[in-house]
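In terms of my numbering, the sequence shown opens at residue 46 and continues consecutively.
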Amino acid sequence: MFPFLLPFSKSTSLRSLSNLFGSVAHSLGFPCYAISRISRSRSRSTPRICVEVICAHYPNNWVEHYQRHDYGLIDPVHRAAFNCASPYRWGDISGLNDVERRVLGEARDAGLTHGLSVPIHEPDGNVLLFNFSGPRSRVNDLRNARLAHLTGSLFHFELQRLTAIPQREPPLRLSSRQRECLFWVGQGKTSSEISIIMGISHHTVDYHIAEAMKSLNVNSRTQAAVYAAVYGLIQH
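Below you can see the structure in the form of structure tokens.
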């Protein structure tokens with residue numbers, strides 16, 4: 046079900062976890078990638094984005110240029126992360142101002158022509174953001190987006206373990222319907238496809254997945270499937 050689950054669970058340090066993430070990113074066709082935690086703070090009542098880079102594999106000239114101009118504060122990819130719950134392509138970000146267009150334009154000039162971002166929203170309001178950059182065909186591939194989301198969810202789960210953030214207790218149980226729905230989510234199936242497989246309505250599928258997400262205290266169906274597999278609640 047989750048081919049990347051076992052290697053991630055064997056990571057013993059942030060470095061080994063980041064290296065594994067990089068290997069998966071490359072296997073998905075993304076030679077450039079970055080992971081950062083972004084948060085919003087207030088300075089003199091003005092919202093401000095704070096960025097903590099966990100790992101990055103971008104062209105050196107772009108990293109230096111980006112840091113020198115503090116682009117992390119005005120990067121539209123960061124802004125979009127707070128408003129999106131699922132993967133998004135950089136080219137689909139709306140409402141760009143002139144400064145944001147310049148940032149994306151300079152990124153393209155540096156070789157980051159096409160990009161995909163996966164936001165994982167944390168309980169404290171921060172966002173763990175996974176950025177992938179590669180050929181247009183890879184960025185536009187729906188299967189790649191699903192696998193990128195899965196990889197980000199796995200990284201987040203193992204990062205919690207490695208940094209000793211208290212783990213949430215596994216729920217006493219998920220219903221059989223919830224477990225079956227999450228199993229098919231892990232197989233990359235949509236709600237419509239799951240409804241056909243299980244012989245129930247699309248809305249009933251969404252209901253069971255939403256209830257499972259509440260039990261697992263997560264914000265996306267992909268996270269729910271990953272966490273349920275890690276806890277041994279569903280087969281993987």
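From the three backbone atoms N, C-alpha and C, an ideal C-beta is built for every residue, glycine too.
Endpoints, alpha helix (DSSP H) assigned at residue i
i      : result
Asn105 : Asn105 to Arg113
Leu227 : Ser221 to Gly231
Leu59  : Leu59 to Ser72
Ile242 : Ser236 to Met243
Leu141 : Leu141 -> no alpha helix (DSSP H), and no H or E assigned at all.
Tyr272 : Arg266 to Val275
Val122 : Pro121 to Ala126
Boundaries of the beta strand (DSSP E) in which residue i is found, first to last residue
i      : result
Phe175 : Val172 to Ser178
Val184 : From DSSP, Val184 is part of no beta strand (DSSP E) but of the alpha helix (DSSP H) over Arg181 to Val184.
Val163 : Gly160 to His166
Neighbourhood of residue i by C-beta distance below 8 Å, restricted to the same chain and skipping five residues each side
i      : result
Trp229 : Glu238, Ile239, Ile242 and Met243
Ser63  : Ile80, Ile99 and Cys100
Lys234 : Ile242
Ala126 : Ile83, Ser162, Pro164, Val172 and Leu174
Ala104 : Ala is not the amino acid found at residue 104; the sequence shown has Pro there. Result list for Pro104: Cys77, Ala155, Gly156 and Leu157, in chain order.
Pairwise C-alpha distance: residue j and residue i
i      : j      : result
Asn264 : Ala255 : 9 Å
Arg191 : Arg146 : 27 Å
Leu278 : Ser182 : 35 Å
Arg283 : Ser54  : Missing from the structure shown is residue 283; the chain here goes from 46 to 281 and no further.
Ser178 : Val184 : 7 Å
Arg218 : Gln280 : 14 Å
Gly156 : Leu59  : 27 Å
Gly187 : Ser198 : A quick correction: the sequence has Leu, not Gly, at residue 187. One C-alpha to the other measures close to 17 Å.
Ile138 : Thr249 : 31 Å
Gly67  : Pro52  : 13 Å
Asn189 : Ala70  : 10 Å
Glu97  : Ser236 : 35 Å
Tyr111 : Ser220 : 48 Å
His166 : Ala130 : 7 Å
Trp107 : Ala152 : 7 Å
Arg359 : Tyr276 : The structure shown does not extend to residue 359, since the chain spans only 46 to 281, so no value can be given for it.
Close-in-space but distant-in-sequence residues of the same chain around residue i (CB under 6 Å, 5 per side omitted)
i      : result
Cys95  : Ser84 and Ser86
His253 : Arg222, Gln223 and Cys226
Simplified DSSP state of residue i, which is helix, strand or coil
i      : result
Ser26  : Limits of the chain in this structure are 46 at one end and 281 at the other, which puts residue 26 out of reach.
Ala79  : strand
Arg218 : coil
Val96  : strand
Leu207 : helix
Ser54  : helix
Ser260 : helix
Ala155 : coil
Ala101 : strand
Ser86  : strand
Own chain residues within Cβ distance below 7 Å of residue i, not counting five before or after
i      : result
Ser246 : Ser240
Val148 : Tyr116, Ile119, Asp120 and Pro121
Leu65  : Pro52, Phe53 and Ser56
Contact under 9 Å by Cβ, residue i with residue j
i      : j      : result
Pro44  : Asn262 : Nothing about residue 44 can be reported from this structure: the residues present for the chain run from 46 to 281 only.
Phe75  : Leu161 : yes
Thr267 : Leu195 : yes
Arg224 : Ala257 : yes
His175 : Phe200 : A small fix is needed here, since residue 175 is Phe in this sequence, not His. In contact: Phe175 and Phe200 (Cβ atoms closer than 9 Å).
Trp135 : His159 : yes
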